[in-house]
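To start, the structure itself, in structure tokens.
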Amino acid sequence: MSNKIPKETLVGLYETMLRIRMFEEKVVELYPAQEMKTPVHLYIGQEAIAAGVCLNLVKDDYLLSNHRGHGHCIAKGTDMGVMMAEFYGKAGGCSGGKGGSMHLVDPENSIPGNSAIVGGGIPMAVGAALASQIKGLKSVAVTFFGDGAVDEGVFHESMSFASLKKLPVVFVCENNLYATNSHITARHPTGDIAGSAGAYGVPGVCVDGNDPEAVYECSKEAVERARKGTGPSLIEARTYRWKGHVGPDADFEKGCRPEEELREWMEKCPVKRFRERLLTSGVMSAEEMDGLRSAVAEEVDKAVSFSDKSPWPDTAELTRGLYYEGGGK
Amino acid sequence: MPWTTVPKMERTPGVEPGSREITYREALNEALSQMLGIDERVFIMGEGVDDPGGVFGTTKGLPEKFGDARVFDTPLAENALTGIAMGAALAGMRPVLVHMRVDFLPISLDQIINHAAKWHYMFGGKVHVPMVIRAITGRGWGSAAQHSQSLQALFANIPGLKVVMPSTPYDAKGLLMAAVADGNPVIFLEHRWLYEAAGHVPEEPYLVPIGKGEIRRKGKDATIVGVSHMAREAVAAAELLANEGIDSEVIDLRAVRPMDSPLVIESVRKTGRLVVADTGWKLCGIGAELVARVAEEALGELKAPPLRINIPDVPTPSSPVLEEAYYPGKDDIAAGVRQLLGK
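Chains as they are written, first to last, in our numbering: chain A, 1 to 329; chain B, 330 to 672.
In structure tokens form, the structure reads like this:
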């Protein structure tokens, strides 16, 4: 257990991971009812990354995420109720039911919208960082993307521009080894994503993505570096997703990957491992853990009930809101 | 280089003596300069915007006046730059992204079509993307297939984008200022042959509404609709026809999304004849859309089948002989109107 990280931060990391895990477990539980008509890309197994990165951010720091964005938004502070309602296509959803699970938005928390096109959010984070720099603000922009996004040209274009302009942006690659079902060895010549940062004069670091403390510490450094105006960083966090590319089932059930591989990674469960470390080091007691679990369960239940009570969108909404009408504001 | 030479154009007829006339390029430069001065959220980026040439003069002097934090050169990374402009827009800026050729826009279609166009609707109106993408349609001197395209129909097909094509200096300034102030992603398409066109332009800032066409000439025998450079060819065609006693009404569409079809339909109800002259291709093009809208609402008013004037359904060839045959102009438009009148 790190001595450098204050106790409240360690508790915060655990709480954030637990909130993501329990929210998604509820989605897994509800999904087979076929009432949630949106493709869900579950984050279970990767919670340490969102928690570790986002605990370094303040409200005004921008977050640009991808199709697997539930965990990122929860970690940044988005209300679970508006997320759940969005999954159900309700009017009370964060995008009014027009976006679904892949298009979460939370301007209050500086989340200007998640892209479901692989790599799509990366340049937007660079743009948000550019805005921050031009305005002379201290806001940092963080973008989460998978290892598949590194295959895309826009990743390299964005790294190059951000480095050129010394922009306050943190690139966080969640390397879970698979792009849909394509293993990284079928897509990347070396598998060394952090190493590619050097080509752009950007520091790149590879971290255990199942260790929230390690992710917290290296992203703290990256965020501080960005905030000081020193420029961007790339973090490659190695992890594993337990569920399919999309949907609540595991991929090995479809023959898309070896079951043994999943079992090995489940042993490295970020939530379970961290829980044990917090208990053995005495940072939290079992009673505190249980209390936290009950509080999160209640929060998740409230999110479901918020969604249940939310009305359907008026069908007149279908053709409304194509253009912003506010003009010069 | 001769191919960078822009043809000289006649001054706008009918402008009051003593009123200020400047060129289309100067009007664009003035619009950008004034927007940078009025709104500190505005910035300009693109390949070569700080070149001595200043993108055909349109950004000339702006880096010196406003500094390289607000007017700056960029890497050749069109897709990322579009996303970067969009991210800055989402973070409260008003970016203007400049492309020397419209042909470079296809590299950035992901960010334009999948991202910028979708954002306001897809997120239930929670966020919006106030950005302008300027791109220039080239033509002439053997520019060939990758330096001369007219891709307005491609963008007009995408909900969430606005697509503007000014043909006069007055509209160039007013529409560019309106595009920057709009709050939505606007594709602003300029035609290189219009840069030397001079005309009346007020010195003070003003806005021309996006999506409103303009009647350039009133007439009763036929309606000619032109976009961009073809709007000027349409005016020239109407002058030719007037000498023959044919009285044409000319509409400059000015934007292709939103498209001012009500103005066209109203005109066709009066004239009963329609010719649409576009700088682009015919298949699924601007003319196809306008003819369809007229057919839907005023088929019974048509005295003759509508006619479309377009470039041939092939990429642009380079040879001067082929190029000369490639581009339609005032004579083709005039011939079309005569055909509709049976003359």
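For glycine and all other residues, C-beta sits at the position ideal for the given N, C-alpha and C.
Residue nearest to A50/A in terms of C-alpha spacing, selected from T315/A, A316/A, E236/A and H156/A: Reading the first sequence from its first residue, position 50 is the one you call residue 50/A. Looking at the Cα atoms, E236/A is the closest of the given residues.
Beta-carbon separation (whole angstroms), K632/B vs R602/B, contact threshold 8 Å: One-based indexing of the second sequence puts residue 632/B at position 303. One-based indexing of the second sequence puts residue 602/B at position 273. Sure, about 6 Å apart at Cβ, within 8 Å.
Where W610/B falls, given that 16 or more other Cβ within 10 Å makes a residue buried: If you number the second sequence from 1, residue 610/B lands on position 281. Answer is buried; the Cβ neighbour count reaches 16.
Under the three-state DSSP convention, the category V384/B falls into: Taking the second sequence and counting its residues from 1, the one referred to as residue 384/B is at position 55. Coil.
Chain-ordered residues of the region 56 to 69 of chain A with a beta carbon less than 8 Å from chain B: Y62 and L64
Neighbourhood of S348/B by C-beta distance below 8 Å, restricted to the same chain and skipping five residues each side: By one-based count along the second sequence, residue 348/B stands at place 19. Hits under 8 Å: H529.
Bounding residues of the alpha helix (DSSP H) (the contiguous stretch that carries V666/B): Residue 666/B sits at position 337 when you count from the first residue of the second sequence. K659 to L669 is the extent of the alpha helix (DSSP H) around V666/B.
Closer than 9 Å to chain D by CB, Y450/B: Looking for chain D here will not work: the only protein chains present are A and B.
Contact check, R158/A vs F144/A, beta carbons under 9 Å: Reading the first sequence from its first residue, position 158 is the one you call residue 158/A. Reading the first sequence from its first residue, position 144 is the one you call residue 144/A. First, the amino acid is wrong: residue 158/A is Ser here, not Arg. Contact: no.
Cutoff 9 Å: S115/A Cβ touching any chain B Cβ: As a first step, residue 115/A is located in the first sequence; it is residue number 115 there, counting from the start. For S115/A, the answer is yes, since a Cβ of chain B falls inside 9 Å of its Cβ.
Residue from I44/A, S307/A, L164/A and L137/A with nearest C-alpha to K272/A: The residue given as residue 272/A occupies position 272 in the first sequence. Of the listed residues, the one whose Cα sits closest to K272/A is I44/A.
First and last residue of the uninterrupted beta strand (DSSP E) at N175/A: To locate residue 175/A, count along the first sequence from 1; it is residue 175. Segment V169 to N175, the beta strand (DSSP E) holding N175/A.
Whole-angstrom C-beta distance between N176/A and G146/A, which should lie under 8 Å: Numbered from its first residue, the first sequence carries residue 146/A at position 146. Numbered from its first residue, the first sequence carries residue 176/A at position 176. Confirmed, Cβ separation roughly 6 Å.
Check whether A560/B and A606/B have beta carbons under 9 Å apart: If you number the second sequence from 1, residue 560/B lands on position 231. If you number the second sequence from 1, residue 606/B lands on position 277. Cβ distance < 9 Å, so A560/B and A606/B count as in contact.
8 Å CB neighbourhood of V105/A in its chain, flanking five on each side removed: Numbered from 1 along the first sequence, position 105 holds the residue referred to as residue 105/A. If we look at V105/A and ignore the five residues flanking it on each side, its Cβ neighbours are C94, S95, G99, I111, P112, G113 and N114.
Cβ separation of K302/A and G81/A, assumed to be a contact under 8 Å, to the nearest whole Å: By one-based count along the first sequence, residue 302/A stands at place 302. By one-based count along the first sequence, residue 81/A stands at place 81. At roughly 6 Å, the Cβ-Cβ gap stays under 8 Å, so K302/A and G81/A are in contact.
Where the beta strand (DSSP E) through K491/B begins and ends: Position 162 of the second sequence, counted from the start, is the residue given in the question as residue 491/B. That run of the beta strand (DSSP E) goes K491 to V493.
As assigned by DSSP and simplified to three states, the class of F433/B: Start at 1 with the first residue of the second sequence, and residue 433/B comes out as number 104. Of the three classes helix, strand and coil, the one that applies to F433/B here is helix, per DSSP.
Contacts around T190/A, its chain only, beta-carbon distance under 7 Å, and the 5 residues preceding and following it disregarded: Translated into the one-based positions of the first sequence, residue 190/A becomes position 190. Taken in chain order, the list of residues that qualify is empty.
Chain-ordered chain A contacts of G421/B [CB-CB under 8 Å]: Here residue 421/B is taken as the residue at index 92 of the second sequence, counted from 1. Neighbours of G421/B on chain A, chain order: A131 and K135.
Minimum Cβ-Cβ distance from L410/B to chain A less than 9 Å: Locating residue 410/B in the second sequence gives position 81, counting from the first residue. Cβ-Cβ to chain A under 9 Å: yes for L410/B.
Reference A129/A; option with closest CA among A295/A, Q46/A, E325/A and A162/A: Sequence index remark: in the first sequence, residue 129/A carries index 129 (1-based). The shortest C-alpha separation from A129/A is found at A162/A.
Short CB-CB distance (under 9 Å) between P168/A and chain B: For the purposes of this step, residue 168/A is taken as residue 168 along the first sequence, with counting starting at 1. Judged by the 9 Å Cβ criterion, P168/A is not in contact with chain B.
H457/B - partner residues in DSSP beta bridges: Along the second sequence, read from residue 1 onward, the residue named residue 457/B stands at position 128. Per DSSP, none; premise fails for H457/B.
Within-9 Å CB hit, L164/A to chain B: Taking the first residue of the first sequence as 1, we reach residue 164/A at position 164. It does: the Cβ of L164/A has a partner Cβ on chain B nearer than 9 Å.
Against chain A: residues of the region 479 to 492 of chain B by CB proximity under 8 Å: P488, G489 and K491
Inter-residue CB distance, A526/B and P498/B (contact presumed, cutoff 8 Å): For the purposes of this step, residue 526/B is taken as the residue at position 197 of the second sequence. For the purposes of this step, residue 498/B is taken as the residue at position 169 of the second sequence. That pair is a contact at about 6 Å.
Three-state secondary structure assigned by DSSP to C54/A: Residue 54/A sits at position 54 when you count from the first residue of the first sequence. Helix.
Expected contact under 8 Å - CB spacing of V169/A and V53/A to nearest Å: Start at 1 with the first residue of the first sequence, and residue 169/A comes out as number 169. Start at 1 with the first residue of the first sequence, and residue 53/A comes out as number 53. Not really, about 12 Å apart at Cβ, beyond 8 Å.
Which listed residue (Y88/A, Y62/A and G92/A) has its alpha carbon closest to that of N109/A: The sequence position of residue 109/A within the first sequence is 109, counting from 1. Here the closest residue by C-alpha is Y62/A.
Backbone CA spacing between V11/A and K37/A [nearest angstrom]: Taking the first residue of the first sequence as 1, we reach residue 11/A at position 11. Taking the first residue of the first sequence as 1, we reach residue 37/A at position 37. If you take the alpha carbons of V11/A and K37/A, they lie about 34 Å apart.
Own chain, CB closer than 6 Å to K166/A, minus 5 neighbours either side, in chain order: Along the first sequence, one-based indexing puts residue 166/A at 166. Counting only Cβ-Cβ distances below 6 Å, and skipping sequence neighbours, we find G231.
Minimum Cβ-Cβ distance from S95/A to chain B less than 9 Å: Along the first sequence, read from residue 1 onward, the residue named residue 95/A stands at position 95. Yes, because at least one Cβ of chain B sits closer than 9 Å to the Cβ of S95/A.
Residues in the region 140 to 154 of chain A having any Cβ partner in chain B nearer than 8 Å: A141, G153 and V154
Endpoints, the beta strand (DSSP E) within which S233/A is located: The residue you call residue 233/A lines up with position 233 of the first sequence. Looking at the DSSP string, the run of the beta strand (DSSP E) that includes S233/A is S233 to R238.
Below-9 Å beta-carbon distance, P342/B vs any chain A residue: Counting from one through the second sequence, the residue named residue 342/B turns up at place 13. Per-residue confidence for P342/B stands at a pLDDT of 49, beneath the threshold of 50, marking its modelled position as unreliable; the derived number appears in the next sentence. It does not; no Cβ of chain A falls within 9 Å.
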